[in-house]
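A quick write-up on the structure given underneath.
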Amino acid sequence: MSQYEPHDGPSVSWPSNSISEVPFQVYTDQAQYDREQKCLFQGPTWNYLCLEVELDKPGDFVSTTVGEIAVIAARDTAGDINAFVNRCVHRGNLLCMKRQGNVKKFTCVYHGWTYDLEGQLTGVSFEKGIQNNGGMPPEFRKDEHALRRLRVAVLGGLVFATFSDEVADLEDWLGPDVTRGLLRVMNRTPYILGRNTQILPNNWKLYIENVKDTYHASILHLFLTTFKVNKLTMPGGVYINPDGGNHYTFAKHDYTAEDTEYKDAGMRSESDLQLQDSSVVDSVDEYGDSVSVQILVVFPGMVLQQVRNTIAVRVIRPRGVDKSELEWIHLGFDTDDEAMTERRLRQGNLIGPAGYIAMEDGFVGGFVQRALHYNDDGAGIVMMGGHEADSQPFKTSEASIRGFWKHYRMLMGS
Amino acid sequence: MDEQAIRLGIQELIGEYAECIDEDRLEDWPELFTDPYKYLIISRSNHDAGMRQGVMYAATKGMMLDRVLTIRQANLFEPHGYRHVVGPTRLKSVEDDVAIVHSHFIVARIMHSGETVLFATGRYLDRIDVSTPDYRFKERIVVLDSDQIDTLLAIPL
């Protein structure tokens, strides 16, 4: 079923061609993990690098990673954004150790080789030797050496890059629905309110599945039902692009909806508890369309969220079969006044490592990982809402998780 | 006011704060603050860059009571507790009955399984109301040395 060449090496076998049964070894197998680095992160996907406003001026740079690979994004003197691998061509040393800054050129600390803001090699220390002794041989030409470049695209103030020459342009690859969803949230110039990173003791895919899982929120996140701030009856839906990997889900805020579904289901969330200070959920309809939650995933590992007035980019970075880094980049917009900023900060208690409706997502992947330890035979069941990965006008479904596996299997060639 | 007496009062408040959390008397924790006030856990890199988003934030007693309520009733997490060790405390100034106090801390996290790890290190940046004998925090900013938090942060630091 793959349109891409399978890579060498073993990988986990699937019980069938279905995307509604997922073998547990995909979360535990080292060869599978290695293959993901090649087929997904270095494959035909667009990966989030940074915000465009972080590269405001020529010379501004951000160093980050795409999957496990260290990458630099930089704005050059012509005003263009470039991305290249953070590895000196000389001896493979990490070229840039700072997370962010402004430079005229990149200089390797090891032997002082220098690169311009497009990643082109411009300087070799002692290239002609000392007093004509030593030095590089005459056939060595600096202009034949550059840092490995990535394709770059900017959408809604977010900078993406890909290692692939073949993958479609970003908007075509995202698909019209997901592009629209991204531009809906990123409709003003953002600025960074702050960052937080969680170290998760689990495979990166367990987190992305959790994000794509519209089924768990009202069950695992007791806060929502304890304080009746979320209703299963909220109108919403799921848009999934044809490849399956990119999607967004949304829900409108309906104050009049009854929460009879919870009562009928006899769930544990029935309570009369009240928040003492409702400012943590007091929100304004800043997009004017009644949508209070929109969760958007760009395959393989980036999330753009609007939860009420909290806007954040989340990036899940694989750091081994059973370890991931989850970075939260909390955003405000240039149009925010102090009241809006304070509103975002107070609602910030909902999300992040201590988030009232996010905390549980921090541990649940680790619980799965622990349960799979030397116990990873068999396959998980992802059949809620059927076996396909199509857009749906309801949220009690695992369709977007199946979408992830559809795209995953296509790129992994299995 | 006698500076020695102020120092003793501040030490008592800081000790009481750590005891409230580590001995799981979270319900007493909001009582150590005036209302309104500011409680914020934020990474050093965010704080130094002038960014305001932290990990946990309360601006009113109600928000703090809600944090306790959710810990007890609404959030799920693997049971664990902390042990605070609060190190050198500097009294930076006292002006208009408000003491500016900085102290260093390390916090160990003890899981229900017994696993004990170093969970957080950082500084408390405090503004303490010393106008009455019962000293109270007007502001406590918990500045974490690291950007990284292991798994999650459920209980205030």
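In order, the protein sequence lines correspond to chains A and B. Its first residue numbered 32, the first sequence is counted upward by one per residue in my numbering. Its first residue numbered 101, the second sequence is counted upward by one per residue in my numbering. Heads up, the beta-carbon is just placed ideally off N, CA and C, and yes, glycines get one too.
What first and last residue would you give for the beta strand (DSSP E) that runs through residue i?
| i | result |
| --- | --- |
| B:F205 | V198 to M211 |
| A:V322 | V322 to V329 |
| B:E195 | H180 to E195 |
| B:R144 | Element bounds for B:R144: not the beta strand (DSSP E) but the alpha helix (DSSP H), R144 to D148. |
| A:D65 | Note, A:D65: premise wrong, no beta strand (DSSP E); alpha helix (DSSP H) at Q61 to E67. |
| A:G132 | Q131 to N133 |
| A:A410 | A410 to I412 |
| B:R152 | That residue, B:R152, is in no beta strand (DSSP E); it is neither H nor E in DSSP. |
| A:I100 | I100 to R106 |
| A:N113 | I112 to V116 |
| A:G154 | L152 to G154 |
Which residues does DSSP pair with residue i in a beta bridge?
| i | result |
| --- | --- |
| B:L257 | DSSP output for B:L257 lists no bridge partner at all. |
| A:G267 | A:A282 |
| A:N227 | A:W359 |
| B:V242 | B:I141 and B:Y224 |
| A:L82 | A:L189 |
| B:G214 | The partner list for B:G214 (beta bridge, DSSP) is empty, contrary to what the question assumes. |
| B:A158 | B:Y139 |
| B:D46 | Residue 46 of chain B is absent from the model: chain B starts at 101 and stops at 257. |
| A:L335 | A:L327 and A:V344 |
| B:Q248 | A:T228 |
| A:S49 | Bridge partners of A:S49: none, in fact. |
| A:N124 | Bridge partners of A:N124: none, in fact. |
Verify the contact flag: residue i, CB atom, against every heavy atom of the ligand GTP, threshold strictly below 6 Å.
| i | result |
| --- | --- |
| B:M156 | Annotation note on the ligand GTP: not contained in the displayed structure, which lists no ligands. |
Span of the alpha helix (DSSP H) holding residue i?
| i | result |
| --- | --- |
| A:E373 | E369 to Q378 |
| B:C120 | E103 to D122 |
| A:R215 | P207 to V216 |
| B:D166 | K161 to L169 |
| A:M441 | A430 to M443 |
| A:S249 | A248 to L251 |
Can you find the residues in the same chain that come closer than 6 Å, C-beta to C-beta, to residue i, ignoring five residues on each side of it along the sequence?
| i | result |
| --- | --- |
| B:Y139 | A158 and R240 |
| A:G268 | P424 |
| A:A105 | F92, N113 and L148 |
| A:R440 | none |
| A:C139 | C119, N124 and L126 |
| A:R226 | I360 |
So, at 8 Å on beta carbons, what are the nonlocal neighbours of residue i in its own chain, with the 5 sequence-adjacent residues on each side left out?
| i | result |
| --- | --- |
| A:E197 | P75 |
| A:E83 | I112, V185, G188, L189 and V190 |
| B:E127 | V168 |
| B:F237 | L113, Y117, L132, F133, T134, Y137, Y139, D226, R227, I228 and D229 |
| B:P188 | S203 and H204 |
| B:I210 | H180, G181, Y182, R183 and T216 |
Short of 7 Å in beta carbon distance, which residues of its chain neighbour residue i, apart from the five on each side in sequence? Order them along the chain.
| i | result |
| --- | --- |
| A:S321 | K283 and H284 |
| B:H184 | A118, I121, D122, F205 and V207 |
| A:S300 | Below a pLDDT of 50, predicted positions are generally treated as unreliable, and A:S300, at 48, falls in that range; the measurement from the model is reported next regardless. Same-chain partners within the cutoff: L253, T256, T257 and Y293. |
| A:S49 | H418 |
| B:E116 | L132 |
| A:L335 | L213, V216, L327 and V344 |
| A:N117 | S94, A101, V102, I103, L125, L126 and C127 |
| A:T108 | P89 and L148 |
| A:T287 | The pLDDT assigned to A:T287 is 46, lower than 50, so where the model puts this residue is not dependable, and the model offers no usable value. |
Since residue i and residue j are thought to touch, with beta carbons under 8 Å apart, how far apart are those beta carbons, to the nearest angstrom?
| i | j | result |
| --- | --- | --- |
| A:F394 | B:E178 | 6 Å |
| A:T280 | A:I347 | With 8 Å as the limit, A:T280 and A:I347 do not qualify as a contact, their Cβ atoms being about 17 Å apart. |
| B:M151 | A:I103 | Their Cβ separation, rounded to whole angstroms, is 22 Å, which puts B:M151 and A:I103 out of contact at 8 Å. |
| A:V43 | A:V413 | That pair is no contact at about 15 Å. |
| B:I171 | B:I110 | Contact doesn't hold; Cβ gap of about 27 Å is too wide. |
| A:A385 | B:M164 | Contact doesn't hold; Cβ gap of about 13 Å is too wide. |
- prompt: Hey, is the segment 218-229 of chain B in contact with the segment 190-206 of chain B, meaning 3+ C-beta pairs nearer than 8 Å?
  reply: yes
field: the segment 232-252 of chain B in contact with the segment 207-221 of chain B per 3-pair CB rule at 8 Å
entry: yes
message: Would the segment 119-130 of chain A count as touching the segment 371-387 of chain A if we require 3 or more Cβ pairs under 8 Å?
response: no
field: Inter-stretch contact (C-beta, 8 Å, three-pair minimum) for the segment 209-224 of chain A and the segment 125-137 of chain B
entry: Result no; under three Cβ-Cβ pairs closer than 8 Å.
task: Flag this pair as touching only if the segment 223-242 of chain A and the segment 350-364 of chain A have three or more C-beta atom pairs under 8 Å; answer yes or no.
output: yes
query: Would the segment 364-380 of chain A and the segment 235-252 of chain A be scored as touching if the rule is three or more Cβ pairs under 8 Å?
result: Verdict: no, contact absent.
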